[in-house]
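J.: Sending over a structure as structure tokens; questions will come in a sec.
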Amino acid sequence: MATIEQAPPPSPPVPPGPPEPAGHPPAGTGTSNTKLAIWLFLSSDCLFFGAFISAYLLYRSRHQTGPTPKDVYSIPFTSVSSFVLLMSSLTMVLALAAIQRGDLRRLRIWLLATALLGSVFIGGQIFEFTEFARKGLSLDTNLFSSTFFVLTGFHGAHVTIGIIWLISLWGLATQGRLRQGDAEKVEVAGLYWHFVDVVWIVIFTVVYLIPAPK
Amino acid sequence: MSTATETHTPVPVRTPVLLRRPKKTTGFWSWFTTVDHKKIGILYACTALIFFVVGGLEALLIRLQLAQPNGNVLTASQYNQLFTMHGTTMVFLLGMPLSVAFANYLVPLMIGARDVAFPRLNAFGYFGFVLGGMFLYSSFLLGGAPNGGWFGYTPLTSTPISLGALPGRGPDFWTIGLIIVGIASTTGAINIIVTALNMRAPGMTLMRIPVFVWMMLVTAFLTLFALPIITVALIMVFFDRNFGTAFFLPTKGGDPLLYQHLFWLFGHPEVYILILPGMGVVSEVLPVFSRKPLFGYPVVVFSGIAIGFLGWGVWAHHMFTTGLGPVAISAFSLSTMLIAIPTGVKIFNWLATVYKGAVRLTTAMYFALGFIAMFTIGGLSGVSLAIVPADTQQHDSYFVVAHFHYVLFGGLVFGLFSGFYYWYPKVFGRMLNERLGKLNFWTMLVGFNLTFFPMHLLGIYGMPRRTYRYPSGFGWDTLNMIATIGGFLIAVSVLIFIVNAIVSRRRGAIAGPDPWDGRTIEWSIPSPPPEYNFVEIPEIQARDDYWHYKYTEDDDGMLVPLPSGGADNVHNAAVTRLAAAPTHPIHMPSPSFYPLLVAVALPILGYAAVFHSKWYAFVLLPIGALTLAFGVYAWAVEPATADEETH
């Protein structure tokens with residue numbers, strides 16, 4: 054434990070502006086308060102999605118009336134939208150790299166690109182939901198539809214919040230209120246964004262790709 | 029999103045002034061905008077005590093109804109609402125927030141910090157809790173309170189209103205209200221973890237932080253991981269009731285047992301969320317009043333961590349009678365017995381701390397010793413419930429009621445009352461009256477045992493829980509009457525405490541910075557502490573750092589007070605900590621409206637959800653959403669420290 058104090062890792066660039074309240078020691082964990090907080094929030098969110106995914110797995114092959122997963126899934130379509138979401142993680146990384154270099158023009162471009170790719174994913178999800186509804190699968194049709202819509206719906210809500218967050222950062226950047234020293238703000242948004250992507254990888258694998266047991 | 033915004037905004041230019049930033053840090057209205065962890069701690073404690081009184085009155089009504097066979101005080105419907113709200117209140121609106129009150133006030137003081145890591149998020153956590161609680165209680169006026177038990181078992185709670193399993197909108201208020209309180213608790217937990225890990229003074233290594241901070245750290249991790257699970261269960265119940273899903277409705281293939289798994293996967297860690305803070309408090313109180321260091325500090329800490337981990341592997345012992353099968357039942361029975369080991373280790377550590385100490389029997393010490401005795405009884409009945417055949421017999425009987433009240437009342441409430449008497453002088457600068465305190469203790473101890481000990485016997489004699497009346501002739505009559513009398517004695521005891529707290533606030537003896545000859549660094553600063561806590565952030569040399577400023581040991585291991593006024597650096601440092609005014613400006617976070625604003629949005633959205641089929645939901649929804657959006661954005665662009673104060 055003591056080693057934490059003995060060797061503080063190099064701290065990130067100090068943002069210009071008012072000094073830290075006097076006297077605080079270097080962060081005890083070497084991770085800034087904000088980053089530690091978002092990691093803790095995301096760890097909590099893991100349990101949130103974990104519980105929904107568990108419910109999905111428990112119910113997926115039970116008491117099927119109405120359309121089953123096999124009847125409604127379009128794996129090629131969802132693969133493309135998943136790919137789009139994964140690419141948004143790449144643009145997110147590029148946005149962070151840009152602000153860390155102080156390249157504010159590319160920061161704005163990549164933030165907007167990430168938000169756009171996320172929006173494409175959400176558009177795909179809306180299309181998918183309406184398509185399912187057209188095939189007769191709505192929230193209250195059967196256990197599969199309930200667990201599916203609630204799980205992917207809450208994931209979609211997470212992505213939407215992420216898009217709003219990214220656009221807000223982009224807005225700050227266009228006003229010149231997001232500078233190199235604020236890289237951590239982009240990094241924190243990025244952690245959230247990557248988390249939402251990782252959750253989607255799990256959902257896509259477990260919910261779409263692995264067939265339900267008989 | 030708010031977490032992203034606690035760092036400084038680099039350029040103060042063009043910050044849109046939508047609401048003029050509050051500046052006042054004193055007076056009535058300052059309590060609505062404060063970000064001071066000490067004031068928020070006091071708010072938490074006062075609010076939780078109000079809910080304690082309300083939950084206690086509900087318990088008294090329950091006891092009045094059960095005092096005699098064929099009671100006529102309450103109808104069945106009222107009884108259902110009262111026992112549901114009693115449990116919900118005591119767990120979510122007393123136990124968790126009162127622990128958070130102590131954590132809020134003490135964690136920064138104990139680790140040598142000026143405030144918590146996220147002061148505004150802290151304020152949001154408080155307002156979310158109080159508004160969530162008021163949201164829950166507003167249900168009494170809006171069609172009936174929650175009436176499906178504090179555990180809200182499905183399919184009873186999840187059956188749609190149209191099918192009429194439970195009258196009223198109670199379960200809707202229950203699900204949404206607990207989600208709001210849960211959001212608040214999650215932010216509070218994140219704040220405590222980041223504060224305890226990142227804000228420690230130089231030299232305050234993890235193995236030097238007071239045990240109370242350790243226990244709150246474990247509690248915060250449990251809160252962080254337990255609440256999302258119940259949130260999912262609550263969302264599913266809400267969908268089942270309102271949107272036609274059938275997650276827990278067996279008629280359409282749903283599985284009520286899934287609810288029980290999700291609920292208890294939250295619910296059992298919740299038990300440790302409630303008891304670990306009490307353990308932390310007595311681990312501070314016992315050493316001070318025994319004039320000995322805590323026996324086996326590392327063992328106490330690691331036992332607490334072990335409880336934190338094992339607490340995740342025992343949830344199904346709440347479900348032994350549901351037919352899980354012999355393998356699962358055996359495993360959970362064993363894991364439940366296993367968790368008694370770290371708990372027992374702690375009890376022996378506390379006893380060894382007191383053993384051969386120079387014991388001072390203050391009220392705080394009385395309550396701490398009462399904690400050990402009562403919690404041990406609760407722990408032992410817990411081990412007996414871990415034995416599956418015994419549990420099958422006692423399940424849903426008053427034996428279980430007796431058990432968890434010994435753990436939660438005998439544990440948490442005795443522990444936190446010990447904390448009240450111990451830290452009140454630090455918070456208000458005046459001592460609580462010791463004579464009233466002793467009276468408070470003895471009435472509580474006697475009242476508590478009169479109320480809950482007979483419930484062991486009632487359970488063994490077969491009295492079931494949650495029944496609003498019982499016929500005479502089962503041998504339950506006398507015991508129930510005794511329990512009711514005990515309940516009123518507890519009420520007298522709490523009344524004595526409230527009188528003591530109010531009177532001592534003005535008339536108590538002046539405490540001075542260190543009335544108990546304390547060991548930890550919160551006693552090295554004035555009482556009440558100044559807004560900035562420490563003039564100079566202390567350099568921590570040892571565990572129980574402040575003790576070593578005051579005492580040393582001679583060659584025989586006897587305590588020798590360090591001469592006051594001596595020329596040693598240690599003493600000078602102690603004087604500096606007590607200095608009345610800082611010699612340099614100390615930048616503290618500024619008050620803010622936005623935590624309150626964001627918190628206000630939550631119950632508005634909550635009402636929109638509960639009444640989603642009514643027209644006014646479509647008025648409430650945009651109001652709530654706009655309030656939320658405005659609050660979050662304004663919070664995000666508002667610097668943590670107001671400009672004018674930084675220069």
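So the sequence lines, in the order shown, correspond to chains L and V.
Letter by letter, the first sequence follows residues 54 to 267 in the numbering used here.
Letter by letter, the second sequence follows residues 29 to 675 in the numbering used here.
The beta carbon of each residue, even a glycine, is placed where N, CA and C say it ideally should be.
Listed in chain order, which residues of the region 523-535 of chain V have Cβ atoms closer than 7 Å to some Cβ of chain L?
T.: Taking 7 Å as the Cβ-Cβ cut-off against chain L, none of the residues of the region 523-535 of chain V qualify.
J.: Say whether chain L places a C-beta atom closer than 8 Å to the C-beta of residue 145 of chain V.
T.: Reading the second sequence from its first residue, position 117 is the one you call residue 145 of chain V. Yes, because at least one Cβ of chain L sits closer than 8 Å to the Cβ of residue 145 of chain V.
J.: Sort out for me which residues DSSP pairs residue 538 of chain V with in a bridge.
T.: As a position in the second sequence, residue 538 of chain V is number 510, starting the count at 1. According to DSSP, residue 538 of chain V bridges with V:458.
J.: Residue ranges of each alpha helix (DSSP H) run of no fewer than 4 residues wholly in the region 152-201 of chain L, ordered along the chain?
T.: Listed in chain order, they are 157-187.
J.: Buried or exposed: which applies to residue 24 of chain V, given that a residue is buried once 16 or more other Cβ atoms fall within 10 Å of its Cβ?
T.: Residue 24 of chain V lies beyond the range of chain V shown here (29 to 675); nothing can be said about it.
J.: Give the interface partners of residue 115 of chain L over in chain V, defined as CB-CB distance under 7 Å, in chain order.
T.: Taking the first residue of the first sequence as position 1, residue 115 of chain L is located at position 62. Near residue 115 of chain L (Cβ distances below 7 Å), the residues of chain V are 281.
J.: Would a C-beta distance cut-off of 8 Å place residue 211 of chain L and residue 249 of chain L closer than the cut-off?
T.: Within the first sequence, residue 211 of chain L is the residue found at index 158, counting from 1. Within the first sequence, residue 249 of chain L is the residue found at index 196, counting from 1. In this structure, residue 249 of chain L lies closer than 8 Å to residue 211 of chain L by Cβ.
J.: How big is the Cα-Cα spacing for residue 478 of chain V and residue 450 of chain V?
T.: By one-based count along the second sequence, residue 478 of chain V stands at place 450. By one-based count along the second sequence, residue 450 of chain V stands at place 422. Those two C-alpha atoms are separated by around 26 Å.
J.: Looking only at its chain, what residues have a beta carbon closer than 8 Å to the beta carbon of residue 101 of chain L, apart from the 5 residues adjacent to it on each side?
T.: Position 48 of the first sequence holds residue 101 of chain L. Hits under 8 Å: 207.
J.: In chain V, which residues lie with their C-beta within 8 Å of the C-beta of residue 168 of chain L?
T.: Position 115 of the first sequence, counted from the start, is the residue given in the question as residue 168 of chain L. Neighbours of residue 168 of chain L on chain V: none; closest Cβ ~15 Å, over 8 Å.
J.: Going by the beta-carbon positions, is the gap between residue 480 of chain V and residue 394 of chain V smaller than 8 Å?
T.: For the purposes of this step, residue 480 of chain V is taken as residue 452 along the second sequence, with counting starting at 1. For the purposes of this step, residue 394 of chain V is taken as residue 366 along the second sequence, with counting starting at 1. Not a contact, by the Cβ cut-off of 8 Å.
J.: So residue 76 of chain V packs on residue 110 of chain V, CB below 8 Å; how close in whole Å?
T.: The residue given as residue 76 of chain V occupies position 48 in the second sequence. The residue given as residue 110 of chain V occupies position 82 in the second sequence. Not really, about 19 Å apart at Cβ, beyond 8 Å.
J.: Alpha carbon to alpha carbon, how far is residue 303 of chain V from residue 81 of chain V? Give it in angstroms, no decimals.
T.: Looking up residue 81 of chain V in the second sequence gives position 53. Looking up residue 303 of chain V in the second sequence gives position 275. Near 20 Å, if we compare the C-alpha coordinates of residue 303 of chain V and residue 81 of chain V.
J.: If you measure between the beta carbons of residue 144 of chain L and residue 167 of chain L, is that distance less than 8 Å?
T.: Locating residue 144 of chain L in the first sequence gives position 91, counting from the first residue. Locating residue 167 of chain L in the first sequence gives position 114, counting from the first residue. Closer than 8 Å, so yes.
J.: Residue 338 of chain V by DSSP, collapsed to three states: which one?
T.: The residue labelled residue 338 of chain V in the question sits at position 310 within the second sequence. Three-state DSSP puts residue 338 of chain V in a helix.
J.: Can you find a C-beta in chain L that's less than 8 Å from the C-beta of residue 260 of chain V?
T.: Looking up residue 260 of chain V in the second sequence gives position 232. True, the Cβ-Cβ gap to chain L drops below 8 Å.
J.: Straight-line CA distance for residue 237 of chain V to residue 165 of chain V?
T.: Locating residue 237 of chain V in the second sequence gives position 209, where the first residue counts as 1. Locating residue 165 of chain V in the second sequence gives position 137, where the first residue counts as 1. Looking at the two C-alpha atoms, the distance is approximately 38 Å.
J.: For residue 556 of chain V and residue 491 of chain V, what's the separation of their Cα atoms in angstroms?
T.: Within the second sequence, residue 556 of chain V is the residue found at index 528, counting from 1. Within the second sequence, residue 491 of chain V is the residue found at index 463, counting from 1. One C-alpha to the other measures close to 49 Å.
J.: Taking the CB atoms as reference points, tell me whether residue 261 of chain L and residue 109 of chain L lie closer together than 8 Å.
T.: Taking the first sequence and counting its residues from 1, the one referred to as residue 261 of chain L is at position 208. Taking the first sequence and counting its residues from 1, the one referred to as residue 109 of chain L is at position 56. Going by C-beta atoms, residue 261 of chain L is not nearer than 8 Å to residue 109 of chain L.
J.: Of the choices V:145, V:496, V:616 and V:313, whose alpha-carbon is the least far from that of residue 385 of chain V?
T.: Sequence index remark: in the second sequence, residue 385 of chain V carries index 357 (1-based). Among V:145, V:496, V:616 and V:313, the Cα nearest to that of residue 385 of chain V belongs to V:313.
J.: Could you tell me which residues DSSP puts in a beta bridge with residue 581 of chain V?
T.: Indexing the second sequence from 1 puts residue 581 of chain V at position 553. Beta-bridge pairing links residue 581 of chain V to V:587.
J.: Kindly say whether residue 226 of chain V, judged by its beta-carbon, lies nearer than 8 Å to any beta-carbon of chain L.
T.: One-based indexing of the second sequence puts residue 226 of chain V at position 198. Yes, residue 226 of chain V counts as interfacial toward chain L.
J.: Is it a yes or a no for the region 266-275 of chain V touching the region 182-189 of chain V, going by three-plus beta-carbon pairs under 8 Å?
T.: Yes, the region 266-275 of chain V is in contact with the region 182-189 of chain V.
J.: Just checking: is the beta-carbon of residue 94 of chain L within a distance shorter than 8 Å of some beta-carbon in chain V?
T.: If you number the first sequence from 1, residue 94 of chain L lands on position 41. Taking Cβ atoms only, chain V reaches closer than 8 Å to residue 94 of chain L, which makes this a yes.
J.: Are the beta-carbon atoms belonging to residue 209 of chain V and residue 157 of chain V less than 8 Å from one another?
T.: Indexing the second sequence from 1 puts residue 209 of chain V at position 181. Indexing the second sequence from 1 puts residue 157 of chain V at position 129. Closer than 8 Å, so yes.
J.: Can you find a CB in chain L that lies within less than 8 Å of the CB of residue 267 of chain V?
T.: Stepping through the second sequence from its first residue, residue 267 of chain V is reached at position 239. Judged by the 8 Å Cβ criterion, residue 267 of chain V is in contact with chain L.
J.: Taking 8 Å as the threshold (beta carbon to beta carbon), is residue 305 of chain V in contact with chain L?
T.: In the second sequence, residue 305 of chain V corresponds to position 277, counting from 1. It does not; no Cβ of chain L falls within 8 Å.
J.: Taking residue 476 of chain V and residue 192 of chain L to be in contact with their CB atoms under 8 Å, please state how far apart those CB atoms are, rounded to whole angstroms.
T.: The residue labelled residue 476 of chain V in the question sits at position 448 within the second sequence. The residue labelled residue 192 of chain L in the question sits at position 139 within the first sequence. With a Cβ gap of about 48 Å, residue 476 of chain V and residue 192 of chain L do not count as contacting.
J.: Once you ignore the five residues that flank residue 203 of chain V on each side, which residues in its own chain have a CB closer than 7 Å to its CB?
T.: Here residue 203 of chain V is taken as the residue at index 175 of the second sequence, counted from 1. So the qualifying residues of the chain are 262, 265 and 266.
J.: Would you report the Cα separation of residue 142 of chain V and residue 371 of chain V, rounded to the nearest angstrom?
T.: Your numbering for residue 142 of chain V matches position 114 in the second sequence. Your numbering for residue 371 of chain V matches position 343 in the second sequence. One C-alpha to the other measures close to 33 Å.
J.: Does the distance from the CB of residue 317 of chain V to the CB of residue 182 of chain V come in under 8 Å?
T.: As a position in the second sequence, residue 317 of chain V is number 289, starting the count at 1. As a position in the second sequence, residue 182 of chain V is number 154, starting the count at 1. Going by C-beta atoms, residue 317 of chain V is not nearer than 8 Å to residue 182 of chain V.
J.: If you pair each beta-carbon of the region 188-197 of chain V with each one of the region 165-175 of chain V, do three or more pairs fall below 8 Å?
T.: Yes, the region 188-197 of chain V is in contact with the region 165-175 of chain V.
J.: In its own chain, which residues sit with a C-beta less than 8 Å from the C-beta of residue 278 of chain V, not counting the 5 before and 5 after it?
T.: In the second sequence, the residue the question calls residue 278 of chain V occupies position 250. Only 183 and 284 meet the Cβ criterion.
J.: For residue 198 of chain V, does the count of other Cβ atoms within 10 angstroms reach 16, so buried, or fall short, so exposed?
T.: If you number the second sequence from 1, residue 198 of chain V lands on position 170. That one is buried.
J.: Quick one: what's residue 492 of chain V bridged to in DSSP?
T.: Stepping through the second sequence from its first residue, residue 492 of chain V is reached at position 464. Answer by DSSP bridge pairing, in chain order: V:425.
J.: Flag residue 82 of chain L as yes if its beta-carbon sits less than 8 Å from any beta-carbon of chain V, otherwise no.
T.: Residue mapping note: residue 82 of chain L aligns to position 29 of the first sequence, counting from 1. By this cut-off, residue 82 of chain L is an interface position.
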